[in-house]
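Read through the structure below, which is laid out as structure tokens, and then see the notes.
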Amino acid sequence: MTPLARIFCLFAFTCFLIPHALPAQEVGPADDELTTTEQAVDVEPVARDEQIDTRITAILEASGWFQNIRVRVDDGIVFLDGRTATEQRQLWARDLAAKTSGVVAVVNRIEVDAHANFSLDPAINAVEDLGTRFVVALPSILLAIIVLPLAWFAASLVRRTAHWMIRDRMQSPFLADLLSRLIALPVFLIGLYVVLQAAGLTKLAFSVVGGAGVLGIVIGFAFRDIGENFLASLLLSLRQPFRRGDFISVSGQMGLVHSMNTRSTVLVSPEGNHIQIPNAMVFKSIIENFTAVPDRRGEIDVGIGYDAAISDAQTIIRKVLAEQDGVIAAPEPMVLADRLNTSTVDLKVYYWFDGEKVSPLKLQSVLIQKIKQALTDAEVSMPADIQELVFPQGIPGLIADVAEAAAEGSRPHPAPATAPPARERITEDDAAAVANEKDELEEQLKAPIEGDSDHDLLS
């Protein structure tokens with residue numbers, strides 16, 4: 238052992254040994270330890286008490302392990318007094334007395350002195366044993382240094398080759414990358430098995446794998462939401478219910494699909510905000526994809542007066558729908574009588590449009606303006622809801638005015654004529670007025686989201 242190694246060992250174990258360098262304390266049994274022997278008790282003793290005393294005392298003194306040793310024998314019962322350094326020596330003295338011929342019981346009152354041991358030999362031996370083990374394991378370590386990088390390189394090569402072969406056959410880049418990694422994984426595991434087999438650690442490897450499985454279950458419960466979102470992203474990549482740029486409704490949120498990572502799906506709302514929805518919630522919710530089938534249906538409620546003919550109003554509204562750019566002819570628009578309200582007959586207007594090109598909000602706004610103007614031009618009344626107010630005592634101001642007018646012999650002043658309704662200012666460029674606002678959200682679609690730049694499952 239070199240001096241440098243001895244100094245290192247001394248420094249390493251000083252912190253552990255110094256706290257134990259305390260004055261010796263007396264340690265012994267709180268009560269007398271009584272031990273019976275398995276020998277049959279003879280009526281006539283085989284040996285006298287003096288002989289037993291002399292024999293046991295001579296043996297204990299000859300060992301040199303005891304101080305102030307005193308042995309007293311009374312009718313075959315041996316009483317041991319004195320001090321010794323270890324508990325093993327105390328038990329040895331008890332067993333010695335119990336095996337002596339003629340002894341029926343042993344009362345062991347030998348006390349143990351605990352002394353601090355400042356010897357560095359155990360520590361030095363442990364370090365030397367560690368060095369020996371390292372030298373023995375050095376060939377396995379060198380083999381691992383050579384084989385594991387080669388196995389990693391081979392697995393990477395297999396992964397790239399598999400990805401090149403299947404990337405054109407799978408629509409999802411995420412699934413192609415995941416499948417290529419699964420194909421390459423056995424290559425690395427073979428290299429790891431070779432290293433463990435050469436090192437003789439195959440059983441240890443199985444134990445570690447078993448422990449890792451239990452640890453995986455614990456971690457799975459702790460990170461259940463993360464694992465659930467990852468599996469949901471995998472299933473969404475397989476099913477592909479939407480693509481980037483599709484206008485969808487999910488979990489009460491509507492917007493254009495921006496991207497999808499392993500945790501969440503990002504939407505761009507019509508207001509231009511980014512909405513992140515966990516993939517587990519997306520997978521469990523009802524997904525309404527408005528872009529998958531472009532043709533969509535809109536509806537408008539129109540109320541006309543009871544003095545107007547429903548068929549005339551239907552004809553006028555159908556004409557407006559037929560002339561409006563954005564409303565498609567098939568399926569044919571419908572104008573149906575819906576219900577008889579308090580002051581109006583309610584009509585339900587159904588029309589179809591191309592949701593990919595036309596904004597549903599803008600189209601509805603333009604149709605409401607044109608329908609209202611067309612009904613006004615045709616003098617079709619659209620009264621407001623009538624509310625009946627009852628005044629049991631009459632209206633005091635109105636009664637006084639009528640009474641005063643009657644007294645003067647004159648008629649009440651007629652109400653001023655109401656001004657004709659204003660005409661709607663409707664743009665002539667219908668296509669521009671109802672154009673889809675998707676193009677206005679392109680900047681929000683281009684804006685990167687943290688975590689999506691390299692792991693967008695929809696790109």
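According to the numbering used here, the sequence shown is numbered sequentially starting from 238. Ideal Cβ positions, reconstructed from N, Cα and C, are used throughout, including at glycine. All figures in this text were calculated on a predicted structure; none of them were measured in a lab.
(message) I'd like to know whether the C-beta atoms of K585 and L573 end up nearer to each other than 8 Å.
(response) yes
(message) If you follow the beta strand (DSSP E) that M571 is in, where does it begin and where does it stop?
(response) Counting along the chain, the beta strand (DSSP E) containing M571 begins and ends at M571 to L577.
(request) Please determine if the segment 401–420 and the segment 355–369 are in contact, where contact requires at least 3 C-beta pairs separated by less than 8 Å. (result) no
(request) Measure the alpha-carbon distance for F484 versus A611 and round it to whole angstroms. (result) 33 Å
(message) Quick test of the definition: if touching needs 3 or more C-beta pairs under 8 Å, does the segment 483–502 touch the segment 534–554?
(response) no
(request) Work out the CA separation of F425 and L328 for me, nearest whole Å. (result) Straight through space, the alpha carbons of F425 and L328 are spaced by roughly 57 Å.
(message) If you follow the beta strand (DSSP E) that W589 is in, where does it begin and where does it stop?
(response) V582 to D591
(message) Could you compute how far the alpha carbon of E324 sits from the alpha carbon of S338?
(response) The alpha-carbon atoms of E324 and S338 are separated by roughly 24 Å.
(message) Checking the sheet assignment: what are the DSSP bridge partners for S501?
(response) P515
(message) With distance defined between alpha-carbon atoms, name the residue in L577, T398, L433 and A399 nearest to G540.
(response) The shortest CA-to-CA distance from G540 to any of L577, T398, L433 and A399 is the one to L577.
(request) To the nearest angstrom, report how far apart R500 and R555 are at their CA atoms. (result) 48 Å
(message) What residue range does the alpha helix (DSSP H) around R396 cover?
(response) D358 to I403
(message) Tell me which residue opens and which closes the alpha helix (DSSP H) that Q610 is part of.
(response) P597 to D614
(request) Look at I523 and I605 and say whether their C-beta atoms are less than 8 Å apart. (result) no
(request) Can you tell me which of L379, A413 and G542 puts its alpha carbon nearest to the alpha carbon of A615? (result) G542
(request) Take L678 and list the residues in its own chain whose beta-carbon comes closer than 6 Å to its own, dropping the five residues that flank it on each side. (result) Apart from the 5 residues on each side of it in sequence, L678 sits with its Cβ closer than 6 Å to the Cβ of L493 and V505 in its chain, given in chain order.
(request) Give the secondary structure of Q551 by DSSP, where H, G and I count as helix, E and B as strand, and everything else as coil. (result) helix
(request) Find the nearest neighbour of V769 within the set S393, I314, G368 and L297, judged by alpha-carbon distance. (result) The requested residue 769 does not occur in the structure, where the chain is confined to residues 238 to 696.
(message) Judging by CA-CA distance, which residue of D562, Q288 and L387 is the nearest neighbour of V431?
(response) It is L387.
(message) By the three-class DSSP mapping on this structure, what secondary structure does V432 have?
(response) helix
(request) On the DSSP bridge assignment, give the partners of Q490 in chain order. (result) V487
(request) Would you mind stating whether R476 and L695 have Cβ atoms separated by less than 8 Å? (result) no
(message) Give me the residue from G428, I427, A435 and S393 with the minimum Cα distance to R418.
(response) S393
(request) Give the DSSP-derived three-state secondary structure of L694 in the structure shown. (result) coil
(request) Grab the span of the alpha helix (DSSP H) containing Q325 for me, first residue to last. (result) That run of the alpha helix (DSSP H) goes E324 to K336.
(request) Keeping to the same chain, check which residues put their C-beta closer than 6 Å to that of D532; ignore five residues upstream and five downstream. (result) W589
(request) Return the residue from the list I608, E465 and P478 that minimises the CA-CA distance to N516. (result) E465
(message) Which residues does DSSP list as the beta-bridge partners of T321?
(response) F303 and V349
(message) Pop quiz: L333 and I289 are said to be a contact at Cβ under 8 Å. What is the actual Cβ separation, rounded to whole angstroms?
(response) Not a contact, Cβ separation roughly 11 Å.
(request) Work out the CA separation of G368 and L385 for me, nearest whole Å. (result) Straight across, the Cα-Cα distance linking L385 with G368 is about 24 Å.
(message) Can you tell me whether P570 is buried or exposed? The criterion is at least 16 other CB atoms within 10 Å of its CB, across all chains shown.
(response) buried
(message) I'd like to check one pair, V519 with L473: are the Cβ atoms closer than 8 Å?
(response) Yes.
(request) Would you check if the distance between the CB atom of V671 and the CB atom of G563 is smaller than 8 Å? (result) yes
(message) Just list the residues that DSSP pairs D532 with in beta bridges.
(response) D591
(message) Can you look up I565 in the DSSP assignment and give me helix, strand or coil?
(response) coil
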